[in-house]
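Here the structure is laid out as structure tokens; the discussion comes afterwards.
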Amino acid sequence: MRFFSAIGWIVWKDLLSELRSRESLSSMLFFALAVILIFSFSFSTDEEAVRQLIAGIMWVAFGFTAMIGLGKSFAIELQHDCLEALQINPVPKGAIYLGKLLANLLFIVSVELLLLPLFVIFFNLDILAKLPVLLVIMVSGTLGLSALGTLFSALTVQIRAREVMLPILLLPMAVPVFIGAVEATRGVLGGEPFGFYRPWIDLLLVFDVIFVVVSYWVIEFVLDA
Amino acid sequence: MSSPAIRAELISKSYHHYQVLHELSFELEAGTCYALFGPNGAGKTTLLKILATVHRPSGGRLAIMGRDAVADREAVRLQLFLIAHGSHLYDELNAVENLRFALGLRGASPADREIKLALDRVGIGAFADLKTRYFSAGMKKRLAVAKALLVRPPLLLMDEAYASLDEKGIALVNQVIRDATQSGAAVFMTTHDRAKVAEVAHRAGVLRQGTLQELPLEALTTSDALF
Amino acid sequence: MSKFIVWLRAYQGWFGAAGGLCVAGGLYLGLVTSPPDAYQGEVVRIMYLHVPLAQTSLFAYATLFICSLWYLWKRDPVIDNAAHAAAGIGVFFTAAALVTGSIWAKPTWNTWWTWDPRLVSFTVLLLILIGYLMLRMFIDEPERQARFAAILAIVGGIDLPIVKFSVEWWRTLHQPLSISPRGISYAGAMLIPLAVMAVGISLLFVYMLMVRTQMLYLKQLLEAKKGRLLSRAHL
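Chains as they are written, first to last, in this note's numbering: chain A, -10 to 214; chain B, 390 to 616; chain C, 5 to 239.
Written as structure tokens, this is what we have:
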């Protein structure tokens, strides 16, 4: 019981801090908007190109968003030695991981949802009917990035060059997430029948489960001596 | 006959192959306050952090409340509370929220009244709703003391207990130490201030070049150099 | 001085000599006496380097993976030295495998790069190894460096099969599988030099691993002695 309430406390603390400071939110929105504008400009007249590339463009933007959010995830603990306080707290380290993971997931997906209208506007998409499936893809893809990203955030926050190390460590390992997410998004936006691209969503979910479990198991070596 | 609050046997600690602590051994009974002195860089904070289970000793064995501090870490951490140099506070949260988080994470949910009492007791009741980003160092220290009051740990650890505090704050900390030891808790603190800690310390020691030497209590009231 | 290190020093020469002999023999067999491929001509000869290099890269990562698990279990610093050594040498072998693969691909497929599952997996492998070495570079405290690096290696080891699988899957949808460097059916005459090279390069890897592990071990020993001298000087 203490385990689950601890997760709740961490989600509460992280989301409340972010809501009040809006530090990450501004950088995430800015980068994503830059991606959208640059691609929109590059392909403004070529509708066929947009159709083929929109899934990739979306996940470039979502990837930036996730990378920034995940970096900040444990960076918040650097203030006033709060990481030390978390270390010696009797709560199991797995609960800290799950709390951070959940907070990251909620926050990053919320920002991605904020970006969707921008995609609709700039690329003339029609996604209303496809929204539920799109949401499933966004959540499972973001969960894949966050599962490893939260672990690596905990790790890199304790070393030098932390801001550059998180993407360096995460991006190669996240290749399956990008493949699955882009293919599934391309399927749903292209109007394909669900059965065609559903295997990609399965791939994402399998990746999610594997890496949440692995990270959960391994986090105590990262947060404790 | 229960085990002592702290039993340290041959504790050593090395950083980057540089040995900071050399096979320290000591015991601390419940209801006792131990004041640790020593020159800067001697390893006082390192020893304190090992007792707080922040760091693992490189050698030796440490038992807190009878449980092994390395193998039984979670159980040990339930028994102790650390007031460190860093305030362990989140800038965007106010005093009450910071307290609720720290306690909630330990599985405690004190009533509003208890929180208010604790904040008033340490003298920052008026600032309950202020973001701790705006707290002075002294206020942050007092908030840490309020946390300790709510947690009521069997072992209280304090690094530079009196730092940042004015006279009233120091008197407050001493009163808290007195209450704690009287109710059976053990207190282990590092400090530079002999006169202030003389009122509450039951034992004293000096950490010099990685070794610990017990001091007679009279040393706290003389003006001869300790090291 | 660790007993294991003494053993390494004693036997490294054997591995080096055996490896050198096999590689020399294999190169002779592969470049001089074996026939050119019916379809690919002389270009196929680079396979005698590429395939063993690729195999040994995987061997290097497997070594890194096992040493990392072992380190987390036993916390033996010598095992950590071995892991660190395996990663460094692994970068070299993986890069060489990718380069030789590229050299083969250009005349054969008329492209330097393609979304072949193996190629992508090896690139990700190289990036993970580089990330591993960078991570170690940015942590000074030896115990923490070893621990974090071990975690990264283990997570990477679990990730690599998934990467390969997802790219394989993607390819079957988007591009029919054409011939890849491993997909060639080798004529019997090619198998012998290939096998000799595989053994030789693996032995060379083990030799390099033994040498580098000792180097890293001695470096740490030196740091420890420095630290002890400094500690004593303080008194």
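Backbone N, C-alpha and C define an ideal beta-carbon position, used for all residues, glycine too.
{"Asked": "Whole-angstrom distance between residue 497 of chain B and residue 390 of chain B, CA atom to CA atom", "Found": "In this predicted model, residue 390 of chain B has a pLDDT of only 49, less than 50, meaning its place in the structure is not dependable enough to derive any value."}
{"Asked": "Close-in-space but distant-in-sequence residues of the same chain around residue 47 of chain C (CB under 7 Å, 5 per side omitted)", "Found": "108, 111, 112"}
{"Asked": "Cβ neighbours of residue 69 of chain C in the same chain (closer than 7 Å, five flanking residues each side left out)", "Found": "157, 158, 161"}
{"Asked": "Whole-angstrom distance between residue 51 of chain A and residue -4 of chain A, CA atom to CA atom", "Found": "25 Å"}
{"Asked": "Spatial neighbours of residue 547 of chain B in its chain, beta-carbon cut-off 6 Å, leaving aside the 5 residues before and after", "Found": "472, 578"}
{"Asked": "Per-residue burial, residue 170 of chain C [other beta carbons within 10 Å of its own, 16 or more giving buried]", "Found": "buried"}
{"Asked": "Through-space distance from residue 432 of chain B to residue 453 of chain B, alpha-carbon basis", "Found": "20 Å"}
{"Asked": "Minimum C-alpha distance to residue 224 of chain C - residue among C:88, C:61, C:16, C:99", "Found": "C:88"}
{"Asked": "Backbone CA spacing between residue 217 of chain C and residue 65 of chain A [nearest angstrom]", "Found": "38 Å"}
{"Asked": "Span separating the alpha-carbon of residue 429 of chain B from that of residue 19 of chain A", "Found": "46 Å"}
{"Asked": "Helix, strand or coil at residue 390 of chain B according to DSSP, with G and I counted as helix", "Found": "Model confidence at residue 390 of chain B stands at a pLDDT of 49, short of 50, so the residue's coordinates are unreliable and nothing is read from them."}
{"Asked": "Residues that DSSP places opposite residue 457 of chain B in a beta bridge", "Found": "B:452"}
{"Asked": "Sub-9 Å separation of residue 221 of chain C and residue 82 of chain C beta-carbons", "Found": "yes"}
{"Asked": "Short CB-CB distance (under 9 Å) between residue 170 of chain C and chain A", "Found": "yes"}
{"Asked": "Chain-ordered chain C contacts of residue 408 of chain B [CB-CB under 8 Å]", "Found": "231, 232, 235"}
{"Asked": "Three-way DSSP call (helix, strand, coil) for residue 548 of chain B in this model", "Found": "strand"}
{"Asked": "Limits of the unbroken beta strand (DSSP E) element including residue 54 of chain C", "Found": "Residue 54 of chain C -> not in any beta strand (DSSP E); alpha helix (DSSP H) instead, spanning 51 to 78."}
{"Asked": "Close beta carbons around residue 474 of chain B, own chain, < 8 Å, minus the five adjacent residues each side", "Found": "434, 548, 549, 552"}
{"Asked": "is_contact[residue 599 of chain B, chain F] using C-beta, thresh 9 Å", "Found": "Among the protein chains of the structure shown, namely A, B and C, there is no chain F."}
{"Asked": "Residue(s) in a DSSP beta bridge with residue 407 of chain B", "Found": "B:404"}
{"Asked": "Three-state secondary structure (DSSP) of residue 142 of chain C", "Found": "coil"}
{"Asked": "Partner residues on chain B for residue 227 of chain C, Cβ-Cβ distance less than 8 Å", "Found": "405, 406"}
{"Asked": "Burial state of residue 515 of chain B, where buried means 16 or more other Cβ atoms lie within 10 Å", "Found": "exposed"}
{"Asked": "Proximity winner among B:392, B:408, B:407, B:427, relative to residue 602 of chain B (alpha-carbon distances)", "Found": "B:427"}
{"Asked": "For residue 472 of chain B, the first and last residue of its enclosing beta strand (DSSP E)", "Found": "469 to 472"}
{"Asked": "Chain-order list of residues whose beta-carbon lies under 6 Å from that of residue 519 of chain B (same chain, five-residue window excluded)", "Found": "483"}
{"Asked": "Any chain A beta carbon closer than 9 Å to residue 5 of chain C", "Found": "no"}
{"Asked": "Member of A:-6, A:29, A:163 whose CA lies at the smallest distance from the CA of residue 493 of chain B", "Found": "A:-6"}
{"Asked": "Cβ pair residue 186 of chain A, residue 209 of chain A closer than 9 Å", "Found": "no"}
{"Asked": "Residue range of the beta strand (DSSP E) that includes residue 426 of chain B", "Found": "422 to 426"}
{"Asked": "Residues in the region 151 to 163 of chain C having any Cβ partner in chain A nearer than 9 Å", "Found": "151, 152, 154, 155, 156, 158, 159, 160, 162, 163"}
{"Asked": "Distance, residue 101 of chain A Cα to residue 116 of chain A Cα", "Found": "14 Å"}
{"Asked": "Exposed unless 16 or more other CB atoms sit within 10 angstroms - verdict on residue 41 of chain A", "Found": "exposed"}
{"Asked": "Short CB-CB distance (under 9 Å) between residue 75 of chain A and chain B", "Found": "yes"}
{"Asked": "Neighbour flag for residue 80 of chain C against chain B, beta carbons, 9 Å", "Found": "no"}
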